[in-house]
Amino acid sequence: MIVTEKELRESIDLVAINRLLEELPGFSTFSVDQVMTYFMDPTMFSLSFNKEPGKGYLYSLDLAQHRRHLVNKVSRSFRNALMVSRLQAHLLGDSVLNWGADGADSLINSLVNCFDIGMGSSVYRLDFASQSCVIKSVQSINGSFYAHILSLCQYPYINLSNFSVQNSFWQLSNYLEGVHFNEFYFQQTMTESIIEQLARHACLGDIFGRGDRHFENYLVSDNTIYPIDVSYLFWPDNDDWLDRYIAGGQSECSLLVLEPDFESLYWKCYHAAFTYFQSLKDSFVVAIQSFYLPGIAKDYERYLLERLEDDRYVINRKQQFQKPLEEYRYRLDYKSRLEQRFQQDAKSLDPLLLMYYYANKDRLTAFFLIDYYERKYLFDLI
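Under our numbering, the first residue of the sequence shown carries the number 157, and numbering increases by one thereafter.
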């Protein structure tokens, strides 16, 4: 079915999403022209929030769903045609065909369906007759490297490939049906297996300086945890950032505040994982040398070995985490108070408190990075 530009413009309903955006500091509303440009210009790969970057402005799960809905509610035939044009405009057609379409010679004839599954920006699930894949824009080859590291550890991983086209990096991966860990936690009872997996991934992330590993960057499928969206590795001050993530309920060991009965098991598995990773040291170094240029590889090797060759590493990490864990306990109390205030009189809330309420909702997080952006004065307003 052919959709005219007039029909497309008239179908764009921004009332619900803009109502939410108007309440939030640091965000601008969507315009019909902006969404139309996304629909009509295949060189525009993503529909993203209009947000001031780097200032700690957060969005809710509900808002992310509304953004995806702007893309996914248009007809399947239009979405597919637009996706084919978008892939061709970015010279990605052959890569996608080779990955997901079983040797088909035409994207337009082999693409069955497509959806935006991203959070703040577009990430696409592409459905073909026999399988589905995910295509997204990335900044580096870190995803491929980390998948290789997971394979060396004999841990489950999602098959993926990072590649560059015209000085831009992209990632193609298999699509795996599952839910983010936040959603999983609220739906399921925690088991020893889940805690053991979290501890292993925490230790691996620590020694490789994996940043931004919040609970929406872990996918759970059939009770197996998979790291996704591996953007930051060997980050120089990652330990400091990790403390901030723990304090905000956004890192693996934050769960120990909510599930204290598993603390002993968690650290036992963390220690066992560290010992196991020490035995893989040489393989890890070879992997670094294979994936990165010599100058960068040398720095990354040094980063890794400083951790793996420190016999007190696990003891020190356990001690280091106590302060941010206590901060998370403190914030959870204020998270509960804020929920009560919202129910009583949402209109009286400071706009930043309203932002934190929505960002906290249905997540383990509690006032993420409120200290980094010097906003702890807000606790006095609750």
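Beta carbons are placed, not taken as given, at the ideal position from N, Cα and C, and that holds for glycine. These numbers were taken from a predicted model, which means no experiment stands behind them.
- In the three-state DSSP reduction, Gly-212 falls in the coil class, being neither helix nor strand.
- Excluding five sequence positions before and after Tyr-401, the CB atoms of its chain that fall closer than 7 Å to its own CB belong to His-370 and Ser-407, given in chain order.
- Going by DSSP, Val-376 is part of the beta strand (DSSP E) stretching over 374–377.
- Taking C-beta atoms as the reference points, Cys-289 and Leu-328 count as a pair closer than 8 Å.
- Runs of the alpha helix (DSSP H) lying entirely within the region 255–305 and spanning at least 4 residues, in chain order: 263–266.
- A residue is called buried once 16 or more other Cβ atoms fall within 10 Å of its Cβ, and Thr-347, having fewer, is exposed.
- In this structure, the beta-carbon distance from Lys-437 to Ser-216 does not fall below 8 Å.
- About 6 Å separates the CB atoms of Leu-164 and Phe-195; that is less than 8 Å, so the two are in contact.
- Counting along the chain, Gln-327 sits inside the beta strand (DSSP E) bounded by residues 324–330.
- Looking at the backbone, the Cα of Tyr-529 and that of Leu-263 are separated by about 46 Å.
- For the 8 Å CB-CB criterion, Val-386 and Gly-299 form a contact.
- Under DSSP, Gly-367 forms a beta bridge with Tyr-388.
- With at least 16 other beta carbons inside 10 angstroms of its own, Gln-353 counts as buried.
- Contact between the region 479–488 and the region 452–466 is absent: fewer than three C-beta pairs spanning the two stretches fall below 8 Å.
- In the three-state DSSP reduction, Lys-424 falls in the helix class (H, G or I).
- Taking the CA atoms as reference points, Gln-496 sits about 45 Å from Cys-309.
- For the options Ile-305, Leu-267, Ala-172 and Asn-323, the alpha carbon positioned closest to that of Ser-293 is the one of Asn-323.
- The shortest C-alpha to C-alpha distance from Asn-472 to any of Ile-538, Ile-363, Tyr-374 and Leu-537 is the one to Ile-363.
- If the five residues before and after Val-470 are omitted, its C-beta is found closer than 7 Å to the C-beta atoms of Tyr-426, His-427 and Phe-430, all from its own chain and listed in chain order.
- Lys-491 counts as buried, since at least 16 other C-beta atoms from the protein chains shown sit within 10 angstroms of its C-beta.
- DSSP places Ile-173 in the helix class (H, G or I) of the three-state scheme.
- Between the alpha carbons of Asp-393 and Arg-356 lies a distance of about 21 Å.
- For Asn-228, the uninterrupted alpha helix (DSSP H) segment begins and ends at 217–228.
- Counting along the chain, the unbroken beta strand (DSSP E) around Ser-317 starts and ends at 316–321.
- Ile-168 carries a coil assignment under DSSP once its states are collapsed to helix, strand and coil.
- Remark: three or more beta-carbon pairs, one from each stretch, lie closer than 8 Å, so the region 370–379 and the region 326–346 are flagged as touching.
- The shortest C-alpha to C-alpha distance from Pro-312 to any of Tyr-302, Glu-208, Val-321 and Asn-318 is the one to Tyr-302.
- Per DSSP, reduced to three states, the secondary structure at His-357 is helical.
- Judged by beta-carbon spacing, Ile-350 lies beyond the 8 Å limit of Leu-332, meaning their Cβ atoms are not closer than that value.
- Taking C-alpha positions only, Lys-162 is separated from Ala-237 by approximately 17 Å.
- Taking the CA atoms as reference points, Ser-504 sits about 9 Å from Phe-498.
- The secondary-structure analysis by DSSP pairs Lys-207 across a beta bridge with Phe-183.
- One thing to note: Pro-198 has its Cβ no nearer than 8 Å to the Cβ of Ser-233.
- Put simply, the region 244–253 does not touch the region 212–229. Fewer than three CB pairs are less than 8 Å apart.
- No Cβ-Cβ contact shorter than 8 Å links Leu-214 with Ala-502.
- Inter-residue distance for Asp-467 and Gln-434 is about 10 Å (C-alpha atoms, whole angstroms).
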